[in-house]
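Below is one structure, written out as structure tokens; comments come after it.
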Amino acid sequence: MWKIGSASVRARLGAFVGAWLALTLGVALVAACGLLLAATSRADAGAQAEQLASALAMLAMIAVFASVFVVGSTFSYVVAQRWREFALLRLGGASTWQVRASVLMEAAVVGVAGSLTGCMIGVGGGQALAWAALRHGLVDERLVVRVSVAPLVLAVTLGVAVTLIGANAAARRASRVRPIEALRTASYEQPTMTGGRWIWAALLLFGAFATIHWTPVTEPEDGVSAAVLATFLLIGAGTALSPVLVPPLVWTLAAPTRLGGATGLLARRNTGGAVRRTASTAAPVLVTMALTVGVVGAATTGDVAQMQRLRQETGYEHVVLPNGVPGLTPAVVGALGGVPGARVTAPLPTTALVGDPDSGLLTDPLGAAGVDPDLREVLRLRPVAGTLDDLDDTQTVAVGQDAAEARGWRVGGHIEVGLEDGVVIRPRIVAIVADPASPADLLLPRDLVAALAPVPLAPAAYITLDVGAEPAGTLDALRQAAGASGRLQASDQWLADRERALDHRRQLGLLFLLGLPMLYTGIAVANTLIMATRHRAREFALTRLVGATRARVIGMVAVEALLTVGVGAVLAACVVTVTLMAVSRAVGTAPVVPWAVAGAVVAGCLALALAATVVPTHLLLRRERPIQLVVGRE
């Protein structure tokens with residue numbers, strides 16, 4: 001069986017190129033993420049190491065999911081093309097097990113080749129990811145990425161397993177071919193909704209709606225996680241239901257082609273009749289659009305909800321920001337605080353290490369800030385437990401609600417905190433704060449943080465005006481106190497600028513996160529359409545012989561490509577609608593649809609589909625005469 005599988009791969013090398021490339025990229029990404037995660041566990045990567053690890057885990061998960069779909073769609077279409085070949089094998093005495101094993105052996109050959117190649121690329125990819133993380137501030141110091149055996153072995157094993165999983169359904173379908181199928185002239189298996197497909201679709205739909213209904217979404221990260229999981233499940237359900245969904249969608253989308261004469265009629269019949277081919281091509285489009293638009297939309301919706309809540313609960317009216325300097329010096333902060341009629345607070349950010357929930361060692365980084373007594377009044381912080389009035393010396397601390405719930409902290413308890421220069425304190429928790437306006441998860445006395453910092457620079461000073469203060473004169477005095485090193489800005493304008501910057505950074509990060517899976521699915525779309533075009537050479541020749549011109553045949557395949565991408569786009573729109581509505585309901589704001597991202601993805605898929613069909617068809621019809629294609633091919 002191994003020899004048969006190897007020979008089949010060599011004979012159909014072009015058909016498996018797409019699966020091999022996608023698997024290579026997927027394994028390379030998993031290996032690079034594994035090596036980088038191993039590097040972060042060996043060294044203190046800073047306060048943002050946990051976020052980096054979460055992003056890498058999500059990136060690897062998306063890569064694995066996309067690879068399964070690419071491999072599955074490729075083998076599904078290859079098996080459909082070879083339906084009569086398998087029937088001839090069965091007619092010649094091959095058992096169902098032998099037919100299934102031959103397909104799995106082909107998958108094993110592709111899986112081993114792609115995994116080994118991807119593993120070698122992943123070593124350099126880990127170095128590139130570490131450099132990118134350092135350059136964009138995701139880690140505080142340079143990570144040393146070493147070649148480790150465990151991540152590479154895991155990546156290879158995962159790559160082979162992904163290939164076998166993706167090809168298993170196609171192999172099982174091939175083993176069910178009957179010997180009598182060898183006498184049929186049709187080349188494609190006519191897919192129907194089996195009982196297994198209905199069961200899988202029902203389970204996936206139930207899982208998706210259970211995830212949407214029972215997953216609490218209060219932060220953008222929660223929204224992204226819930227959207228990714230629900231999107232995965234809905235994509236699987238849409239693929240399982242493709243034999244039912246594709247024909248009516250093609251009929252609906254093909255309404256304008258009814259005015260196109262014979263070209264539109266042929267395109268409509270070919271797309272709606274070849275359900276397997278249409279579904280295999282539409283599935284990567286579904287994955288690309290649903291993941292990209294859904295995840296970006298969920299993250300943006302969560303950001304908007306967070307900023308709306310911050311606007312509603314913001315107590316300060318103005319903010320002073322550094323003007324061409326790293327931060328506001330104590331002298332500037334003191335001058336601002338001395339302005340009559342203004343109340344000023346300027347938290348000092350720092351990094352603190354707390355005890356890990358499992359080991360108890362001071363290895364768990366949390367954002368911390370040194371605050372003054374005016375913080376509560378200026379930012380209008382309302383603790384859910386305790387009071388900030390007791391935050392008065394080095395033996396007290398206020399903590400964020402999320403951090404407290406994750407570690408079981410309670411008001412009145414003591415925690416161990418490691419600060420700069422190796423200083424370790426054991427303060428008492430006096431308050432638990434849940435406000436989004438809180439500057440950090442740990443609020444410490446400002447004098448303590450200022451004493452430990454080499455140069456205590458504040459990133460911003462928040463200001464509220466006292467009742468009865470004369471606004472114009474007070475603001476002029478604040479501008480004079482800030483001098484050339486600070487600029488006074490209204491809080492509304494500052495929040496708007498912050499919202500735009502946050503949205504831009506998040507969209508760039510998510511597009512980077514989804515960039516490689518988009519590349520995988522692009523490979524799958526191109527590979528499936530190129531295979532289909534080559535396989536339909538005899539069909540094109542017969543169409544030419546009955547009177548169709550070369551331009552009409554090319555127009556027919558172009559319309560088919562548009563219809564196929566349209567099917568994937570409609571299914572993706574349904575998935576995105578469900579996930580965004582769920583996130584919107586959870587965070588209490590209207591869903592934000594990234595129309596620019598959606599338009600770019602649709603345009604890219606359309607351009608790729610047209611290039612992968614029109615160009616091969618044009619070359620095929622120009623290189624050989626129709627009669628040669630009919631005689632030379634079955």
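Per the UniProt record's numbering: the sequence shown ends with 634, consecutive numbering throughout.
Note that the Cβ used here is the ideal one computed from N, Cα and C, for glycine as well.
Since this is a predicted model, take the numbers as computed values, not measurements.
Exposed unless 16 or more other CB atoms sit within 10 angstroms - verdict on residue i
i, result
"Leu336", "buried"
"His318", "buried"
"Glu189", "Low confidence applies here, because Glu189 scores a pLDDT of 46, under 50, leaving its location unreliable and the question unanswered by this model."
"Thr157", "exposed"
"Thr194", "exposed"
"Gln493", "exposed"
"Phe232", "buried"
"His535", "buried"
"residue 637", "Because the chain spans 1 through 634 in this model, residue 637 falls outside it and cannot be assessed."
"Trp20", "buried"
"Asn323", "exposed"
"Phe206", "exposed"
Start and end residues, alpha helix (DSSP H) containing residue i
i, result
"Thr543", "537-545"
"Arg479", "471-482"
"Arg90", "83-91"
"Trp251", "242-253"
Assigned secondary structure, residue i (DSSP; H/G/I helix, E/B strand, else coil)
i, result
"Arg487", "strand"
"Asp492", "helix"
"Pro322", "strand"
"Leu381", "coil"
"Ile554", "helix"
"Val147", "coil"
"Arg172", "helix"
"Thr549", "coil"
"Thr589", "coil"
"Val103", "helix"
"Arg446", "helix"
"Pro616", "helix"
"Thr387", "coil"
"Ala186", "Summary for Ala186: the model assigns pLDDT 47, below 50, so the residue's position carries little reliability, and this model does not support an answer."
"Val455", "coil"
"Thr350", "strand"
"Ala11", "With a pLDDT of 45 at Ala11, under the threshold of 50, the modelled position of this residue cannot be trusted; read the value that follows with caution. Note: Ala11 maps to helix in three-state DSSP."
"Gly327", "coil"
"residue 645", "Nothing can be reported for residue 645: it is not among the residues displayed for the chain, which extend from 1 to 634."
"Val578", "helix"
"Gly418", "strand"
"Gly355", "strand"
"Val413", "According to the sequence shown, residue 413 is Gly rather than Val. Residue state, collapsed to three classes: coil."
"Val559", "helix"
"Tyr77", "helix"
"Asp497", "helix"
Of the listed residues the options, nearest to residue i (C-alpha basis)
i, options, result
"Glu420", "Ala451, Gln308, Ile429", "Ala451"
"Met307", "Leu443, Ala501, Glu416", "Ala501"
"Ala375", "Asp392, Leu362, Ala385", "Looking at the sequence itself, residue 375 is Leu, so the reference to Ala does not match. Taking only the C-alpha atoms, the option nearest Leu375 is Asp392."
"Trp198", "Ala227, Val244, Ala226, Ala161", "Val244"
"Val149", "Ile523, Leu545, Ala38, Leu129", "Ala38"
"Leu495", "Ala482, Tyr316, Leu154", "Tyr316"
"Leu104", "Ala57, Ala170, Ala155", "Ala170"
"residue 636", "Leu89, Val250, Arg343", "Because the chain here runs from 1 to 634, residue 636 falls outside it and cannot be looked at."
"Gly93", "Ser175, Leu116, Ala107, Phe540", "Ser175"
"Ala279", "Ala237, Asp389, Ile415, Gly125", "Ala237"
"Leu253", "Arg498, Val567, Tyr462, His618", "Val567"
"Val145", "Trp131, Val153, Ala155, Leu154", "Trp131"
"Ala461", "Val68, Ile432, Ser491", "Ser491"
"Val27", "Val99, Gly111, Leu91", "Gly111"
Residue i - containing beta strand (DSSP E), residue span
i, result
"Asp441", "From DSSP, Asp441 is part of no beta strand (DSSP E); its letter is neither H nor E."
"Thr429", "Just to set this straight, residue 429 is Ile in the shown sequence, not Thr. From DSSP, the beta strand (DSSP E) with Ile429 extends over 428-433."
"Ala369", "362-371"
"Ile463", "461-465"
"residue 654", "The displayed coordinates of the chain run from 1 to 634. Any statement about residue 654 would go beyond what the structure contains."
"Gly400", "396-400"
"residue 649", "Only positions 1 to 634 of the chain appear in the structure, and residue 649 is not among them; the question remains open."
"Ala210", "Premise fails: Ala210 lies in the alpha helix (DSSP H), 195-214, not in any beta strand (DSSP E)."
"Val344", "342-345"
Counting pairs of beta carbons, one from the segment 323-335 and one from the segment 611-618, are three or more of them closer than 8 Å?
With the cut-off at 8 Å, the segment 323-335 and the segment 611-618 do not touch.
Any contact between the segment 401-418 and the segment 469-477? By contact I mean 3 or more CB pairs, one from each, below 8 Å.
Under the three-pair Cβ rule at 8 Å, the segment 401-418 does not count as touching the segment 469-477.
Does the pairing of the segment 412-431 with the segment 292-302 give three or more beta-carbon distances under 8 Å?
Contact between the segment 412-431 and the segment 292-302 is absent: fewer than 3 CB-CB pairs across the two stretches fall below 8 Å.
Whether or not the segment 344-356 and the segment 366-384 are in contact is what I'm after, with contact meaning three or more pairs of Cβ atoms, one per stretch, closer than 8 Å; do they touch?
A contact between stretches requires three or more CB pairs, one per stretch, nearer than 8 Å, and the segment 366-384 meets this requirement with the segment 344-356.
Is it a yes or a no for the segment 268-275 touching the segment 556-567, going by three-plus beta-carbon pairs under 8 Å?
Proximity of the segment 268-275 to the segment 556-567 meets the contact definition, three or more beta-carbon pairs being nearer than 8 Å.
Decide yes or no for the touch test of the segment 69-80 against the segment 278-289: beta carbon pairs closer than 8 Å, at least 3 of them.
Proximity of the segment 69-80 to the segment 278-289 meets the contact definition, three or more beta-carbon pairs being nearer than 8 Å.
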